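A.B. asks: Following this message is one structure expressed as structure tokens.
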């Protein structure tokens, strides 16, 4: 390993680091063009709120099934780049089908197809970037921050295009970003080319992962913490207007929030070296809980925007360190499967549960009560993190 990270290893792979950073920039530019703005397309074809809610539930449900399957394929056959190229192109082309339909059933069908391929993109790209970061001794946060930059830029620029030429620009922007991601992916070497192949059955491997106490605790933490973070993306626009904000202010808020993640992802490497991976994740989760409780008090919109960097501390630190934790606490032969399980639990099950609960809370109580719920749910997520750090499954000093 020393030979791979010294001398030529460091200098000869600088170009690969640039390509990986560009890969994240374009992947998340596509997601930033699509996710925050897709409701404008739904409104343009006159879908009802109930229909929009059903379509929005597709991705979490699909990811629960497909993300582990994509991970199994990658780990079984060691074909990360091939899977990622397929997923990028297929999801980009699927997006072009949306402008051709307007009936709810067809929109739901196309969104399901897109979600199947889209669900592979983040865990597989994270696996490749983590492998590179480990081999060449660079911080994963330095790579991942370009995703936050891409997402923030897309939310702003695609919004301008949609205002000028209509919702169809969402899908053109998404396809453009996915094609660019494929182009910058081509020169990147398959970091897993020398990784051990899976020698046991994939299902047995998954069962083995679920018997690892630290990994299982982390999955439960992500269910609560990241479920509420993702649900906030759905409910924030309504919340912000509830406390006196404008629709234009919502767009500015998303630009500031997503943009703040990048510098904190860059800073994450320093914080991890200073205080350790587990305490950094605990810090991110704790700040999330405080943020949601504060939101439940109906603060002034100016204060919400002024403290935009709170998202950087909570979400930026968590995104930059969570995948690293998964990598360090699971077998090398099951890396993508472990990451896929992590995303399907946090981004899938957790998001679905929090959104369903939030919808009922809004109808029964109020928008502010949703954020009180998010705060309580996040506190529940801190409990397994505390057990990881201080409980019977903590790492001994010599292991760290």
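Residue numbers (my numbering): 1 to 400. Glycine residues also receive a C-beta, built at the ideal position from the N, C-alpha and C atoms. On a predicted model such as this, the values are computed, not experimentally measured, just so you know.
#1: Just reading off the alpha helix (DSSP H) that residue 46 is part of, what are its end residues?
#2: Can you tell me the Cα-Cα spacing of residue 156 and residue 168, whole angstroms?
#3: Do you know offhand how far residue 332's Cα is from residue 150's?
#4: For residue 212 versus residue 253, is the C-beta spacing smaller than 8 angstroms?
#5: On a Cα-Cα basis, can you pick out the residue from 295, 187, 264, 210 that is closest to residue 237?
#6: On a Cα-Cα basis, can you pick out the residue from 18, 35, 264, 40 that is closest to residue 309?
#7: Alpha carbon to alpha carbon, how far is residue 99 from residue 4? Give it in angstroms, no decimals.
#8: Near residue 184, what residues of its chain come up, given a Cβ to Cβ distance below 8 angstroms and the 5 sequence neighbours on each side ignored?
#9: When you compare only the Cα positions, how much space is there between residue 283 and residue 133?
#10: Comparing C-alpha positions only, which one of 307, 293, 320 sits nearest to residue 367?
#11: Please classify residue 75: does DSSP put it in a helix, a strand, or coil?
#12: Just to confirm, are residue 224 and residue 378 a CB contact at a threshold of 8 angstroms?
#13: Determine the burial state of residue 199: buried for a count of at least 16 other Cβ atoms within 10 Å of its Cβ, exposed for fewer.
#14: Quick check on the DSSP output: the alpha helix (DSSP H) that includes residue 81 runs from which residue to which?
#15: Can you have a look at residue 75 and say buried or exposed, based on whether 16 or more other CB atoms are within 10 angstroms of its CB?
#16: Should residue 143 and residue 153 be called a contact, given that it needs their Cβ atoms to be closer than 8 angstroms?
#17: Comparing alpha-carbon positions, which option in 216, 229, 42 lies nearest residue 105?
#18: Quick check: the Cα distance between residue 356 and residue 103, rounded to an integer number of angstroms?
#19: Count Cβ pairs between the region 318 to 338 and the region 66 to 73 that sit closer than 8 angstroms; are there 3 or more?
#20: Taking the beta carbon of residue 227 as the centre, do at least 16 other beta carbons fall within 10 Å, making it buried, or is it exposed?
#21: Look up residue 417 in the DSSP assignment and say whether it is helix, strand or coil.
#22: Would residue 171 be called buried (16 or more neighbouring beta carbons within 10 Å of its own) or exposed?
#23: State yes or no: is the C-beta of residue 229 within less than 8 angstroms of the C-beta of residue 288?
#24: Any idea what DSSP makes of residue 137, helix, strand or coil?
#25: Pick helix, strand or coil for residue 280, following the three-state DSSP scheme.
#26: Which same chain residues end up closer than 8 angstroms to residue 32 when comparing Cβ atoms and leaving out the 5 residues on each side of it in sequence?
#27: Taking the Cβ atom as the reference point for each residue, do residue 177 and residue 261 lie within a distance shorter than 8 angstroms?
#28: Exposed or buried, residue 187, counting other C-beta atoms within 10 Å across all chains shown (16 or more means buried)?
#29: Looking only at C-alpha atoms, which of 290, 266, 340 sits nearest to residue 66?
#30: Can you tell me which of the three DSSP states residue 101 falls into?
#31: Where do the ends of the alpha helix (DSSP H) carrying residue 300 lie?
#32: Using the Cα positions of residue 349 and residue 209, report the straight-line distance between them to the nearest angstrom.
#33: When the Cα of residue 117 is compared with those of 93, 126, 279, which residue comes out closest?
#34: With residue 359 as the anchor, note down where its alpha helix (DSSP H) starts and where it stops.
C.D. replies: Concretely, from the data shown:
#1: Counting from 1 along the chain shown, the entry for residue 46 is found at position 46. Here residue 46 belongs to no alpha helix (DSSP H), and DSSP marks it neither H nor E.
#2: To locate residue 156, count along the chain shown from 1; it is residue 156. To locate residue 168, count along the chain shown from 1; it is residue 168. Straight across, the Cα-Cα distance linking residue 156 with residue 168 is about 16 angstroms.
#3: By 1-based counting over the chain shown, the position of residue 332 is 332. By 1-based counting over the chain shown, the position of residue 150 is 150. Between residue 332 and residue 150, the alpha-carbon positions lie close to 29 angstroms from each other.
#4: Walking along the chain shown from the start, residue 212 turns up at place 212. Walking along the chain shown from the start, residue 253 turns up at place 253. Using a Cβ distance threshold of 8 angstroms, residue 212 and residue 253 do not count as a contacting pair.
#5: Position 237 of the chain shown, counting from 1, holds the residue named residue 237. Taking the Cα of residue 237 as reference, the smallest distance to any Cα among 295, 187, 264, 210 is reached at 295.
#6: Counting from one through the chain shown, the residue named residue 309 turns up at place 309. With respect to the C-alpha of residue 309, the residue from 18, 35, 264, 40 having the closest C-alpha is 264.
#7: Here residue 4 refers to the residue found at position 4 of the chain shown. Here residue 99 refers to the residue found at position 99 of the chain shown. Since pLDDT at residue 4 reaches only 38, below the 50 mark, its modelled position is unreliable, and the value read off the structure follows with that caveat. Approximately 48 angstroms between the Cα atoms of the pair.
#8: Indexing the chain shown from 1 puts residue 184 at position 184. Same-chain partners within the cutoff: 19, 22, 23, 26.
#9: Here residue 283 refers to the residue found at position 283 when the chain shown is read from its first residue. Here residue 133 refers to the residue found at position 133 when the chain shown is read from its first residue. Our two residues, residue 283 and residue 133, have alpha carbons roughly 23 angstroms apart in a direct line.
#10: To locate residue 367, count along the chain shown from 1; it is residue 367. In terms of Cα proximity to residue 367, the closest of 307, 293, 320 is 293.
#11: On the chain shown, residue 75 is found 75 positions in, with the first residue counted as 1. Helix.
#12: As a working mapping, residue 224 is identified with position 224 in the chain shown. As a working mapping, residue 378 is identified with position 378 in the chain shown. For residue 224 and residue 378, yes; Cβs fall inside 8 angstroms.
#13: Here residue 199 corresponds to residue number 199 of the chain shown, with the count starting at 1. Reliability fails at residue 199, whose pLDDT of 45 lies under 50, so the model's placement of it is uncertain and no value is given.
#14: Position 81 of the chain shown, counting from 1, holds the residue named residue 81. Element bounds for residue 81: 80 to 95.
#15: Along the chain shown, read from residue 1 onward, the residue named residue 75 stands at position 75. Counting Cβ neighbours within 10 Å, residue 75 comes out buried, since at least 16 surround it.
#16: Mapped onto the chain shown, residue 143 falls at position 143. Mapped onto the chain shown, residue 153 falls at position 153. In this structure, residue 143 lies away from residue 153, with their beta-carbon atoms at least 8 angstroms apart.
#17: Here residue 105 refers to the residue found at position 105 of the chain shown. Taking the Cα of residue 105 as reference, the smallest distance to any Cα among 216, 229, 42 is reached at 42.
#18: Stepping through the chain shown from its first residue, residue 356 is reached at position 356. Stepping through the chain shown from its first residue, residue 103 is reached at position 103. If I take the Cα positions, the gap works out to 24 angstroms.
#19: Below 8 angstroms, enough C-beta pairs join the region 318 to 338 and the region 66 to 73 to call them touching: three or more.
#20: On the chain shown, position 227 is the one that residue 227 refers to. Burial call: buried.
#21: Examination of residue 417 is not possible in this model, given that the chain is present from 1 through 400 alone.
#22: The count along the chain shown starts at 1 and reaches residue 171 at position 171. Its Cβ being crowded by 16 or more others within 10 Å, residue 171 is buried.
#23: To locate residue 229, count along the chain shown from 1; it is residue 229. To locate residue 288, count along the chain shown from 1; it is residue 288. Contact flag set, yes.
#24: Position 137 of the chain shown holds residue 137. Here residue 137 sits in coil by DSSP.
#25: One-based indexing of the chain shown puts residue 280 at position 280. It is helical.
#26: Residue mapping note: residue 32 aligns to position 32 of the chain shown, counting from 1. Apart from the 5 residues on each side of it in sequence, residue 32 sits with its Cβ closer than 8 angstroms to the Cβ of 150, 151, 152, 153, 154, 155, 158, 258 in its chain, given in chain order.
#27: Residue numbering aside, residue 177 sits at position 177 when the chain shown is read from its first letter. Residue numbering aside, residue 261 sits at position 261 when the chain shown is read from its first letter. Contact: no.
#28: Along the chain shown, read from residue 1 onward, the residue named residue 187 stands at position 187. Under this definition residue 187 is an exposed residue.
#29: In the chain shown, the residue the question calls residue 66 occupies position 66. Measuring from the Cα of residue 66, the nearest candidate turns out to be 340.
#30: Taking the chain shown and counting its residues from 1, the one referred to as residue 101 is at position 101. Reduced to three states, the DSSP call for residue 101 is coil.
#31: On the chain shown, position 300 is the one that residue 300 refers to. Per DSSP, residue 300 lies in no alpha helix (DSSP H) and is assigned neither H nor E.
#32: For this step, residue 349 is matched to residue 349 along the chain shown. For this step, residue 209 is matched to residue 209 along the chain shown. In this structure, the alpha-carbon of residue 349 lies about 18 angstroms from that of residue 209.
#33: Locating residue 117 in the chain shown gives position 117, where the first residue counts as 1. Here the closest residue by C-alpha is 93.
#34: As a working note, residue 359 is residue 359 in the chain shown. Annotation for residue 359: the continuous alpha helix (DSSP H) segment containing it runs 351 to 364.
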